[in-house]
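The next block holds one structure in the form of structure tokens; read it before the comments.
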Amino acid sequence: MDRRIFLSSAAAGLVGSALTACGGGGSEPALDLAGSPRRRPGTTTTVVTPPVTPKSRVIVIGGGMGGATVAKYLRLWGDAISVTLVERMPTYTSNIMSSMVLTGQRSMSSLSFNYDTLRSKYGITTVFGDVVAIDPVAVKVTLANGTTLTADRIVMAPGISFDAVPGLGASDKMPHAWQAGPQTTLLANQLKALPNKGVVVLTIPKTPYRCPPGPYERACLIADWLKVKKPGSRLIVLDANPGIVTEVDNFTNAFMGLHGGVIEYRANAEVTSVDPATMSLMTTAGTVRGDVINMIPRQRAGTLVATAGLNNATEGRFAGVNVLSYASTVAGAEKIHIIGDASATTQPKAGHIANQEAKVCADAISRILSGGAPDPAPVTNSACYSTITMTQASWLTAVFQYDAATSAMKGVAAASGASTGWDQDSFEEMGTWFKSLMGDSFA
Amino acid sequence: MKTRFHILAPLVLAALAAAGTAQAQVGQAGRLLASNCFQCHGTNGKGPGFDTLAGKSASEIYKDLKEFQSGKEGNGIMAKHAMGYTDAQLQALAAWLATQR
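Residue numbers (our numbering), protein chains in the order written: chain A, 1 to 443; chain B, 444 to 544.
Structure follows, in structure tokens:
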């Protein structure tokens with residue numbers, strides 16, 4: 001009830017006042033709390049007359065798979081919360097399916113999603129800008145332009161950032177293409193320019209990294225493409241891990257069998273430094289040279305997590321969270337929730353599970369803000385497809401149940417596993433899955 | 444809301460008849476469980492995606508899921524996936540999905 005009293009005085013019945021509470025400067029666009037009474041800009045007329053029910057406020061930082069989904073479900077599952085989504089870019093480019101841009105099977109525009117439906121259908125306010133500071137105790141966000149926003153809760157979904165690669169500097173000769181965007185186009189063009197009998201190198205970082213099967217499926221896809229487009233070429237896969245980290249049977253069979261003439265797989269080969277001038281990688285398994293190098297660096301949470309001091313897990317790389325609500329486990333920061341790839345959980349870092357973590361988080365926040373407690377037994381799931389060739393795919397699925405003994409999400413063994421082999425049907429299902437998943441997250 | 448009420452499964456009707464927070468919690472748990480289906484079957488089971496779940500009865504959805512669990516439906520992704528849920532969870536999510544038309 002304290003919260004209500006605070007809100008009713010802060011909101012004072014009008015959005016204009018709520019703006020003040022959010023610290024919005026006069027030149028900022030109005031934070032349009034859709035569904036609630038508002039003033040028309042430039043007038044003093046109150047448009048809607050019914051008495052105002054003060055709403056709780058949640059700020060979501062980051063509009064990827066997790067951020068878009070949590071914003072949507074906070075609004076879909078009740079009208080008691082207003083949601084402001086803060087994001088750098090006006091459109092999101094899907095990482096899922098982006099390896100198919102490298103083989104010319106997908107366009108970048110087919111991976112582009114915007115926030116129009118989140119605004120129009122769910123009444124979410126979007127603010128495009130850079131967050132420079134988060135105060136976990138005051139529950140306050142500061143943007144690069146000086147604007148500050150406050151809320152009852154903040155959900156962070158900043159994704160990943162990359163470790164600096166010694167020797168790489170600002171060179172664009174070894175793109176990671178692991179955040180879909182300009183780097184994807186860059187790598188696609190470099191592959192296109194590869195001479196026949198060329199050497200491509202793909203590096204896989206130590207776990208945990210975004211999308212465990214992702215580098216292996218990319219390797220399969222590139223290998224299949226090389227066979228057709230660049231005869232005589234080879235693909236060297238340098239894995240910093242002691243072996244293939246997921247879907248071991250399928251990827252082993254594909255690497256050794258189907259693509260055995262193209263792929264050369266080396267385990268325990270971690271990149272220590274690079275030389276773009278000679279297109280060389282210095283690794284724990286010797287020096288390797290390539291004509292095209294897809295250098296995927298080791299990963300950590302999006303930089304904002306460390307900026308806010310919430311990187312208290314995985315040797316300071318990711319954010320520790322309570323998986324009942326995804327609230328930070330940093331003392332005093334309980335009102336900050338971190339979902340998706342930036343959080344440290346037993347679940348894989350991937351878009352499908354980020355979507356489900358977002359729903360658990362949205363449900364928990366709506367319960368907490370109405371005076372309740374989070375669901376004590378959440379379930380999350382993951383499903384995905386891996387391209388083994390340019391026309392065939394395998395699948396992988398997992399279900400996680402909350403385990404009270406360890407306070408962690410625990411994979412159900414019987415429900416965790418991959419297809420036996422790959423086929424064209426799964427490739428077609430992959431398209432259906434992608435369309436559905438993106439719809440559930442952005443529309 | 445009118446359309447919702449006359450198609451509700453008895454189980455959910457009973458839940459709705461209960462008062463206050465307890466009722467909201469029952470419905471909410473089923474909803475969160477059912478949301479595991481939405482990534483592949485669309486928000487609220489209404490597509491786009493694989494088979495549309497909205498419009499089916501709770502018993503129909505539950506029966507389908509048990510058949511996946513039993514292996515009767517082959518060894519595809521749903522057979523594997525269905526293994527991850529307890530019987531009570533399948534019933535709760537089926538009851539919630541049955542409220543979606």
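Note that CB positions come from ideal geometry on N, CA and C, so glycine has one too.
| query | result |
| --- | --- |
| Residues of chain B with CB closer than 8 angstroms to the CB of Ala85 (chain A), please, in chain order. | Sequence inspection shows Leu at residue 85 (chain A); the Ala mentioned does not correspond to that position. Going along chain B, no residue has its Cβ under 8 angstroms from Leu85 (chain A), so there is no contact; the nearest lies around 17 angstroms. |
| Which residues bound the beta strand (DSSP E) around Val201 (chain A)? | Val199 to Ile204 |
| Looking only at its chain, what residues have a beta carbon closer than 7 angstroms to the beta carbon of Phe434 (chain A), apart from the 5 residues adjacent to it on each side? | Ile96 and Met97 |
| How is the alpha helix (DSSP H) around Cys480 (chain B) delimited, first residue to last? | Premise fails: Cys480 (chain B) is in no alpha helix (DSSP H) and is neither H nor E. |
| In the DSSP output, what is His337 (chain A) paired with across the bridge? | A:Val155 and A:Ala327 |
| Could you work out which residues of chain A lie near Phe481 (chain B), taking near to mean beta carbons separated by less than 7 angstroms? | Asp440 |
| Confirm, please, whether the CB-CB distance from Thr346 (chain A) to Met409 (chain A) is below 8 angstroms. | yes |
| Is Glu264 (chain A) helix, strand or coil by DSSP? | strand |
| Thinking C-alpha only, which one of A:Ala344, A:Arg266 and A:Leu111 is nearest Met156 (chain A)? | A:Ala344 |
| With DSSP collapsed to three states, give me the class of Gly66 (chain A). | helix |
| Going along chain B in order, which residues have a C-beta closer than 8 angstroms to the C-beta of Ala383 (chain A)? | Gln482, Cys483, Ile520 and His524 |
| Let's test the definition: count the other Cβ atoms within 10 Å of the Cβ of Met295 (chain A) and tell me whether it reaches 16, buried, or not, exposed. | buried |
| Quick one: what does DSSP say Glu357 (chain A) is sitting in, helix, strand or coil? | helix |
| Using a Cβ-Cβ cutoff of less than 8 angstroms, which residues in the same chain neighbour Ala472 (chain B) once the five nearest sequence positions on both sides are dropped? | Ala535 |
| I'd like to know whether the C-beta of Trp395 (chain A) is nearer than 8 angstroms to at least one C-beta of chain B. | yes |
| State whether the segment 385–398 of chain A contacts the segment 238–247 of chain A, with contact taken as three or more CB pairs (one from each stretch) at a distance under 8 angstroms. | yes |
| Run through DSSP, which three-state label would Ile504 (chain B) get? | helix |
| Whether or not the segment 228–239 of chain A and the segment 195–206 of chain A are in contact is what I'm after, with contact meaning three or more pairs of Cβ atoms, one per stretch, closer than 8 angstroms; do they touch? | yes |
| Would you say the beta carbon of Val127 (chain A) is closer than 7 angstroms to some non-hydrogen atom of the ligand ZN? | Questions concerning the ligand ZN fall outside what the structure shown contains, since it holds no ligand whatsoever. |
| Would a check of beta-carbon distances place Ala472 (chain B) closer than 8 angstroms to chain A? | yes |
| Tell me, which residues are paired with Gln299 (chain A) by DSSP? | A:Phe162 |
| On the three-state DSSP scale, how would you describe Asn311 (chain A)? | coil |
| Run down chain A in chain order and give the residues with a C-beta less than 9 angstroms from the C-beta of Phe493 (chain B). | Glu429, Thr432, Trp433 and Ser436 |
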